[in-house]
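Protein chains in written order, with full-length UniProt numbering: chain A, 1 to 348; chain B, 1 to 348.
All C-beta atoms in this analysis are idealised placements derived from N, C-alpha and C, irrespective of residue type, glycine included.
Everything on this sheet refers to the single structure shown next.
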């Protein structure tokens with residue numbers, strides 16, 4: 001900002017957000033200029049428009065949005081800022097698209113420490129630069145103390161789909177294989193380990209990560225064999241597979257022995273009375289692929305750092321009831337149903 | 001949704017949102033299927049993907065995002081739902097772009113009445129259909145009672161800029177004219193009239209409206225003469241003109257006699273100790289246009305229902321200090337500065 005805006009610098013060490021920071025006036029301009037712009041720095045934000053412009057070649061695009069309300073805001077392996085970047089990039093990537101741009105809207109509670117806001121904005125900026133997907137436009141609102149919980153962030157992303165690719169659950173066919181990119185439950189357990197009422201010791205960190213590089217490698221390997229991809233976040237792998245079963249009109253059969261679960265996650269879940277199948281992930285994907293390409297796609301996944309622990313966990317089966325069934329490690333069978341109630345509020 | 005999801009219908013009359021509605025499980029699927037999808041109905045939402053795909057011709061696009069935290073949620077002339085549609089369409093339109101698609105992310109407080117959520121979703125759907133801009137993807141999060149304030153909505157929009165159009169504050173030149181599309185202060189006064197601690201009688205309704213039709217008429221009239229457009233929301237016309245002065249490196253001179261203000265708004269502002277220049281608008285735009293095209297653009301604005309009260313309110317002047325100055329009705333002069341503090345929290 002220019003010479004007109006002379007003022008005391010924001011106190012980024014001990015200062016707090018107040019209602020004036022959401023007013024549309026000078027205080028808000030300072031907050032944007034001194035805190036958000038340096039963290040997320042790029043040409044679009046520097047222009048100071050209420051919207052960001054970009055050029056696209058013609059073709060198929062996707063848009064997705066997600067609100068992030070994770071509690072606590074900081075957890076092992078990430079924070080609400082990096083999570084809001086990764087999560088929305090992943091929703092774009094699950095369509096096979098290359099993510100291009102993000103927007104970010106902050107709803108901040110009056111009294112929130114500026115140092116925490118700085119830390120979150122820095123983390124967003126770092127995640128966004130690492131992923132090569134800039135945050136090109138944003139918004140800041142402030143609500144009175146007690147009317148929010150620290151900060152909520154909504155990110156929206158746009159991306160471009162490679163020509164000829166059209167993934168959707170409706171494409172899944174009986175006999176297709178189900179691939180999972182790595183261990184389940186890490187994010188949910190990492191967040192829960194920080195909850196005041198649950199605090200327990202664990203070395204587990206969130207798997208929060210941007211998956212578009214892994215997806216690009218899978219698309220490059222067998223574009224025609226990919227039916228549908230999803231990231232199993234809220235509700236875990238169980239919710240995602242039930243959703244896919246619903247939408248595809250088929251059933252899924254899993255093999256429990258093939259499901260990658262870290263021993264520490266299994267132990268924490270047992271302690272908490274949870275099933276890792278229902279615990280949120282933030283850096284994992286599940287893909288339904290044609291049977292004859294399953295091995296080559298799995299190999300491509302394992303060759304990528306974010307797919308090292310990838311596994312073939314099951315297949316699509318004929319089932320008018322659209323059930324997700326699992327052959328357990330003891331050789332028995334069980335239905336993996338949707339969870340009816342709320343298991344883990346504010347996990348993302 | 002299909003046969004698998006059999007359950008008691010949502011109680012849309014007396015039911016309330018609970019944490020399970022944000023869980024990623026069955027309850028959330030019901031909320032989406034029974035409440036959001038019918039209100040916002042379109043092919044994209046019906047597909048049930050985490051992202052929406054659309055085809056674009058090549059060219060210049062824009063993206064914009066805004067969080068809405070207005071309190072109270074319902075006010076004369078609109079509610080948070082219609083506001084979230086109009087406001088984001090307007091941020092797209094201010095670049096001269098045609099708005100194409102919207103996303104909507106809801107953060108809902110546990111215990112929020114489903115009937116109010118239904119009313120808000122219906123209002124969003126109606127506003128979106130009237131504007132011809134569908135809500136193609138969304139997200140729902142629920143936080144515990146006392147951790148939010150009813151509902152917050154973040155909408156993001158994308159649009160396409162007509163070839164050759166490139167509006168920005170930097171294009172404003174000394175001698176350009178400033179056009180305003182109608183009366184100022186209506187939205188802010190309408191919302192304040194509903195605040196419990198301020199309640200007063202007024203017939204004023206919010207001006208909340210989607211301005212892309214008005215913008216299209218202006219672009220059609222004189223595309224080369226339009227320098228920059230903004231919608232004077234938070235912080236009112238004063239904040240918007242100061243922002244434009246900053247970014248353009250010039251000053252602005254207004255003529256108070258030309259400023260359209262409804263007598264009821266002037267009276268309410270006097271009662272509340274406010275200046276209508278600082279009060280939010282949600283259906284107005286200010287445009288800087290080349291002097292020789294000002295009359296024709298003004299005529300085009302007045303020919304549109306949302307620009308009936310349009311006026312030429314001032315001009316761009318040379319000023320190294322980048323001040324916004326106003327010739328008052330009494331012939332004197334004053335500086336119209338940014339507001340330093342928070343005047344009206346949660347007005348949008």
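One alpha carbon belongs to residue 89 of chain B, the other to residue 214 of chain B, and they sit about 12 Å apart. Contact of residue 95 of chain A with chain B is assigned, a C-beta pair being separated by under 7 Å. The beta carbon of residue 18 of chain A lies closer than 8 Å to those of 27, 110, 111 and 142 in the same chain, with the five residues before and after it left out. Contacts between residue 281 of chain B and chain A, judged by CB atoms closer than 9 Å, are missing: the closest CB pair is about 11 Å apart. With 16 or more neighbouring CB atoms inside 10 Å of its own CB, residue 147 of chain B falls in the buried class. Residue 326 of chain A carries a strand assignment under DSSP once its states are collapsed to helix, strand and coil. Here the alpha carbon of residue 125 of chain B sits roughly 15 Å from the alpha carbon of residue 33 of chain B.
Contact annotation: residue 83 of chain A and residue 169 of chain A have beta-carbon atoms that are not nearer than 7 Å. Under the DSSP assignment, residue 138 of chain B falls in the beta strand (DSSP E) whose first and last residues are 135-143. At a beta-carbon threshold of 7 Å, the residues of chain A lying near residue 234 of chain B are 23 and 24, ordered along the chain.
Here the C-alpha atom of residue 31 of chain B lies approximately 15 Å from the C-alpha atom of residue 151 of chain B. DSSP places residue 103 of chain A inside the beta strand (DSSP E), whose first and last residues are 98-109.
Nearest C-alpha to residue 63 of chain B among A:102, A:57, A:42 and A:270: A:102. Listed along chain B are 107, 141 and 143, each with a C-beta nearer than 7 Å to that of residue 69 of chain A. Looking at the DSSP output, residue 180 of chain B bridges to B:286 and B:311.
For residue 346 of chain A, no beta strand (DSSP E) encloses it, and the DSSP letter there is neither H nor E.
The residues 137, in chain order, have a CB closer than 8 Å to that of residue 50 of chain B in the same chain once the five nearest residues on each side in sequence are set aside.
The alpha-carbon of residue 118 of chain A is positioned some 42 Å away from that of residue 312 of chain B. If you draw a straight line from the Cα of residue 99 of chain A to the Cα of residue 160 of chain A, it is about 7 Å long. Taking C-beta separations shorter than 8 Å and ignoring five residues to either side along the sequence, the partners of residue 239 of chain A in its chain run 232, 278, 338 and 339, following chain order.
Residue pairing from DSSP places residue 252 of chain A in a beta bridge opposite A:316 and A:324. At a C-beta separation below 8 Å, residue 345 of chain B has these neighbours in chain A: 19, 22, 23, 142, 143 and 144. Within the same chain, Cβ atoms closer than 7 Å to the Cβ of residue 167 of chain B are found at 95, 96, 226, 227, 228 and 229, the five residues on either side in sequence being excluded. Relative to residue 92 of chain B, the option among A:71, A:202 and A:52 whose CA is nearest is A:52. Secondary structure note for residue 191 of chain A: its alpha helix (DSSP H) is the uninterrupted segment 186-192.
Around the beta carbon of residue 108 of chain A, 16 or more other beta carbons lie within 10 angstroms, which makes this residue buried. Listed in chain order, the alpha helix (DSSP H) elements of length 4 or more contained wholly in the stretch 203-234 of chain B are 212-221.
Taken in chain order, the members of the stretch 52-69 of chain A whose beta-carbon sits within less than 9 Å of a beta-carbon on chain B are 52, 53, 54, 55, 56, 57, 58, 59, 60, 61, 62, 63, 64, 65, 66, 67, 68 and 69.
Scanning B:127, B:223 and B:76 for the CA closest to the CA of residue 292 of chain B turns up B:223. At least one beta carbon of chain A lies nearer than 7 Å to the beta carbon of residue 247 of chain B.
Beta-bridge analysis with DSSP links residue 119 of chain A to no other residue.
DSSP places residue 295 of chain B inside the alpha helix (DSSP H), whose first and last residues are 294-302. Residue-level contact by beta carbon holds for residue 148 of chain B and chain A, with a gap shorter than 7 Å. Within chain A, the residues 65 have their CB atoms less than 8 Å from the CB of residue 138 of chain B, given in chain order. With 16 or more other Cβ atoms inside 10 Å of its own Cβ, residue 39 of chain A counts as buried. Residue 70 of chain A is positioned such that its CB atom lies closer than 7 Å to that of residue 346 of chain A.
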